[in-house]
Amino acid sequence: MGRGGVTGKTVVRLLVVTTVLACLVLEKSGLAIAETQLVRPEIPGYKTPDWEAPLQQATPRTLAAEYFDLTILGLGLILASYFALRLRSRRWLLLLAVGAVVWLGFLRKGCICSIGAIQNVVLSLSTASYTVPMFVVLIFVLPLVFTLLFGRTFCAAVCPLGAFQELLALYPVQIPQWVDDILGLLAHIFLGFAIVVTSISGVFVICQYDPMVSFFRLGGSWEIWLFSFGVVLLGIFVARPYCRFLCPLGAIFRILSPFSRWHLRIPPEPCILCRLCEGVCPYNAIRRPTELESARGGGRSRSALYETLVGLGCILVLFPLLAYGMGPAGSRLDRRGQLGARGW
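Residue numbers for the sequence shown follow our numbering, so the first one is 5 and each next one is one higher.
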């Protein structure tokens with residue numbers, strides 16, 4: 005039986021993401037107040053450097069080319085959903101994954117990227133001078149919509165990072181479930197870290213530490229190449245390590261996918277508890293069927309929902325107070341705060 009319902013892990017993920025968003029809102033309001041108090045001295049013959057210059061976008065591609073890529077992304081999402089839920093064909097999903105690696109990976113150099121689009125959206129919310137293009141917004145939103153409808157079909161065969169790792173998993177082995185659960189929290193931590201860093205400094209850390217871009221673009225620093233080769237070697241034995249343990253978009257999908265309208269089921273009919281699927285999924289994505297779990301599924305979901313509501317209430321009170329206390333330290337990461345500290 006596939007994963008479904010609101011689980012305890014979903015509660016934890018909701019709390020983590022809500023914490024990050026609460027800190028982001030408070031941090032933004034604090035920096036806005038600090039910016040109004042910053043007065044630069046007038047020095048004859050000197051022009052103050054524009055700290056926002058690095059945030060400017062490169063020369064855009066034509067509108068037709070942008071929306072052609074967006075059409076390819078939408079078509080890939082439709083095909084992946086059809087192959088997974090209707091045809092239930094792994095062969096067609098693998099062929100689609102190869103196409104995603106070729107087009108979205110090597111030919112488009114890893115862009116368009118729904119994962120990196122998180123940073124564009126965050127930057128537009130935290131920086132008044134930056135406007136995210138609608139094309140980028142749609143790149144970010146489309147996979148979210150399909151996840152709410154059909155589950156994580158974007159991850160299955162459309163994302164070039166995931167597709168590349170899928171093709172590398174030659175000798176996949178299962179890792180213990182408790183290890184998988186602990187490492188899975190790293191993706192939420194990385195998501196929170198990326199949101200804070202992007203909103204404060206404008207640095208796109210998700211793109212900087214993308215393990216597959218080095219291969220797609222055949223370039224990068226030796227540190228990134230070392231990280232990329234490490235992920236590739238690990239991916240031969242541990243299926244999709246970046247997707248499962250570090251991908252920030254995957255962290256968002258884990259929160260949304262339990263609420264999706266249609267799920268992939270194993271088998272498509274109601275489970276008969278034959279237990280044949282236990283231990284065969286290298287991703288630990290198949291939850292072991294038990295009579296107790298089937299019997300209490302509705303009550304379990306309601307209980308988890310109540311826990312979520314209580315947790316959200318607590319987090320909206322406690323974590324803004326924590327963010328307020330961390331404000332002075334966080335302001336030193338921002339260029340405006342650094343200039344203000346020097347009297348500029």
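The C-beta atom is built at its ideal place from N, Cα and C for all residues, glycine as well.
Going by the CB atoms, is the gap between Ala255 and Ala198 shorter than 8 Å?
By 1-based counting over the sequence shown, the position of residue 198 is 194. By 1-based counting over the sequence shown, the position of residue 255 is 251. No, the pair does not count as a contact, with Cβ atoms beyond the cut-off.
What's the gap between the Cα of Val125 and the Cα of Val136?
Translated into positions along the sequence shown, residue 125 becomes position 121. Translated into positions along the sequence shown, residue 136 becomes position 132. Taking the straight line joining both Cα atoms gives about 6 Å.
Secondary structure, alpha helix (DSSP H): runs of 4+ residues fully inside the stretch 82-170:
94-104, 121-130, 138-154
Take Pro215 as the anchor and find which of Arg92, Pro180, Ala84, Ala167 has the nearest alpha-carbon.
Counted from its first residue, the sequence shown places residue 215 at position 211. Nearest option by C-alpha distance: Ala167.
Determine the contact status of Leu83 and Phe150, defining contact as a CB-CB distance below 8 Å.
What you label residue 83 is simply residue 79 of the sequence shown in a count that begins at 1. What you label residue 150 is simply residue 146 of the sequence shown in a count that begins at 1. Not in contact: Leu83 and Phe150 (Cβ atoms no closer than 8 Å).
Is it buried or exposed, Thr157, if we count other Cβ atoms within 10 angstroms and call 16 or more buried?
As a working note, residue 157 is residue 153 in the sequence shown. By the neighbour-count rule (16 or more Cβ atoms within 10 Å), Thr157 is buried.
Pull up the distance between the alpha-carbon of Gln181 and that of Val284, whole angstroms please.
Against the sequence shown, residue 181 aligns to sequence position 177. Against the sequence shown, residue 284 aligns to sequence position 280. Rounded to the nearest angstrom, the two C-alpha atoms are 13 Å apart.
Could you check what DSSP says for Ile270 in three-state terms: helix, strand or coil?
Here residue 270 refers to the residue found at position 266 when the sequence shown is read from its first residue. The answer is coil: DSSP assigns Ile270 none of H, G, I, E or B.
When you compare only the Cα positions, how much space is there between Arg95 and Ala88?
By 1-based counting over the sequence shown, the position of residue 95 is 91. By 1-based counting over the sequence shown, the position of residue 88 is 84. The alpha-carbon atoms of Arg95 and Ala88 are separated by roughly 10 Å.
Backbone CA spacing between Gly234 and Ile204 [nearest angstrom]:
On the sequence shown, position 230 is the one that residue 234 refers to. On the sequence shown, position 200 is the one that residue 204 refers to. Their Cα atoms are separated by approximately 29 Å.
Is it a yes or a no for the stretch 104-118 touching the stretch 224-240, going by three-plus beta-carbon pairs under 8 Å?
no
Taking the alpha carbon of Leu195 as the reference point, which residue from Ala161, Leu97, Leu152, Cys251 has its own alpha carbon closest?
The residue you call residue 195 lines up with position 191 of the sequence shown. Answer by Cα proximity: Cys251.
Taking a contact to mean a Cβ-Cβ separation below 8 Å, would you say Leu127 touches Leu74 in this structure?
For the purposes of this step, residue 127 is identified with residue 123 of the sequence shown, where counting begins at 1. For the purposes of this step, residue 74 is identified with residue 70 of the sequence shown, where counting begins at 1. Cβ atoms of Leu127 and Leu74: not closer than 8 Å.
Hey, how far is the Cα of Leu97 from the Cα of Ala161?
Within the sequence shown, the letter at position 93 stands for residue 97. Within the sequence shown, the letter at position 157 stands for residue 161. Their backbone Cα atoms lie some 6 Å apart in a straight line.
Under a Cβ-count criterion, where at least 16 other Cβ atoms within 10 Å of its own Cβ denotes burial, should Glu354 be classed as buried or exposed?
One cannot answer for residue 354 here, as it falls past the ends of the chain, which runs 5 to 348.
Cβ-based neighbour list, Ser93, same chain, cut-off 7 Å, excluding 5 preceding and 5 following:
Within the sequence shown, residue 93 is the residue found at index 89, counting from 1. Correct list, in chain order: Phe87.
Tell me the DSSP secondary structure of Ile179 in three-state form.
For the purposes of this step, residue 179 is taken as residue 175 along the sequence shown, with counting starting at 1. Looking at Ile179 - three-state DSSP - the assignment turns out to be coil, as it is neither helix nor strand.
Measuring alpha carbon to alpha carbon, tell me which residue in Trp266, Phe219, Ser232, Pro274 is nearest Phe110.
Here the question's residue 110 lines up with position 106 in the sequence shown. With distances taken between Cα atoms, Phe110 lies closest to Phe219.
When you compare each of Ile119, Ser264, Val242 to Tyr213 by their alpha carbons, which one comes out closest?
Taking the first residue of the sequence shown as position 1, residue 213 is located at position 209. Of the listed residues, the one whose Cα sits closest to Tyr213 is Ile119.
Return the CA-CA distance between Pro164 and Ser85, expressed in angstroms with no decimal places.
As a position in the sequence shown, residue 164 is number 160, starting the count at 1. As a position in the sequence shown, residue 85 is number 81, starting the count at 1. Their Cα atoms are separated by approximately 16 Å.
Counting C-beta neighbours from all protein chains within 10 Å, is the total for Ser298 16 or more, i.e. buried, or is it exposed?
Locating residue 298 in the sequence shown gives position 294, where the first residue counts as 1. Because Ser298 carries a pLDDT of 47, less than 50, the predicted location of this residue cannot be relied on, and no value is offered for it.
Measure the C-alpha to C-alpha separation of Gly115 and Cys278 and round it to an integer number of angstroms.
The sequence position of residue 115 within the sequence shown is 111, counting from 1. The sequence position of residue 278 within the sequence shown is 274, counting from 1. Note on residue identity: the sequence assigns Cys, not Gly, to residue 115. Spanning the two alpha carbons is a distance of roughly 44 Å.
Alpha carbons only, please: which of Phe72, Leu148, Ile76, Lys113 is nearest the one belonging to Arg221?
Taking the sequence shown and counting its residues from 1, one reaches residue 221 at position 217. When each option's Cα is compared against that of Arg221, the closest is Lys113.
Is Ile290 helix, strand or coil when you go by DSSP?
Walking along the sequence shown from the start, residue 290 turns up at place 286. Here Ile290 sits in strand by DSSP.
On the CB-based measure, 16 or more other CB atoms within 10 Å of its CB, does Ile186 come out buried or exposed?
Taking the first residue of the sequence shown as position 1, residue 186 is located at position 182. Ile186 comes out exposed.
Exposed or buried, which one is Pro147 when buried takes at least 16 other CB atoms within 10 Å?
In the sequence shown, the residue the question calls residue 147 occupies position 143. Pro147 is buried by the Cβ-count criterion.
Does DSSP put Arg65 in a helix, in a strand, or in coil?
As a first step, residue 65 is located in the sequence shown; it is residue number 61 there, counting from the start. Correct three-state label for Arg65: coil.
Tell me the rounded alpha-carbon separation between Leu77 and Val200.
For the purposes of this step, residue 77 is taken as residue 73 along the sequence shown, with counting starting at 1. For the purposes of this step, residue 200 is taken as residue 196 along the sequence shown, with counting starting at 1. Leu77 and Val200: Cα-Cα distance of roughly 28 Å.
Please determine, among Asp184, Ser225, Leu253, Thr131, the residue with the shortest C-alpha to C-alpha distance to Ile290.
Start at 1 with the first residue of the sequence shown, and residue 290 comes out as number 286. Of the listed residues, the one whose Cα sits closest to Ile290 is Asp184.
Whole angstroms are fine: how far does the CA of Ile210 sit from the CA of Ser225?
The residue labelled residue 225 in the question sits at position 221 within the sequence shown. The residue labelled residue 210 in the question sits at position 206 within the sequence shown. Approximately 15 Å, taken between the alpha carbons.
Taking Cβ to Cβ, would you say Phe139 is nearer than 8 Å to Glu227?
As a position in the sequence shown, residue 139 is number 135, starting the count at 1. As a position in the sequence shown, residue 227 is number 223, starting the count at 1. Glu227 sits away from Phe139, with the two beta carbons spaced by 8 Å or more.
Among Leu153, Cys117, Gly188, nearest to His267 - alpha-carbon criterion:
Here residue 267 is taken as the residue at index 263 of the sequence shown, counted from 1. Cα-wise, what sits closest to His267 is Leu153.
Check whether the Cβ atoms of Pro286 and Val177 sit closer than 8 Å, and answer yes or no.
Taking the first residue of the sequence shown as 1, we reach residue 286 at position 282. Taking the first residue of the sequence shown as 1, we reach residue 177 at position 173. Taking 8 Å as the Cβ cut-off, Pro286 and Val177 qualify as a contacting pair.
Applying the criterion that 16 or more other CB atoms from any shown protein chain within 10 Å of the CB defines a buried residue, is Pro271 buried or exposed?
Position 267 of the sequence shown holds residue 271. Result: exposed.
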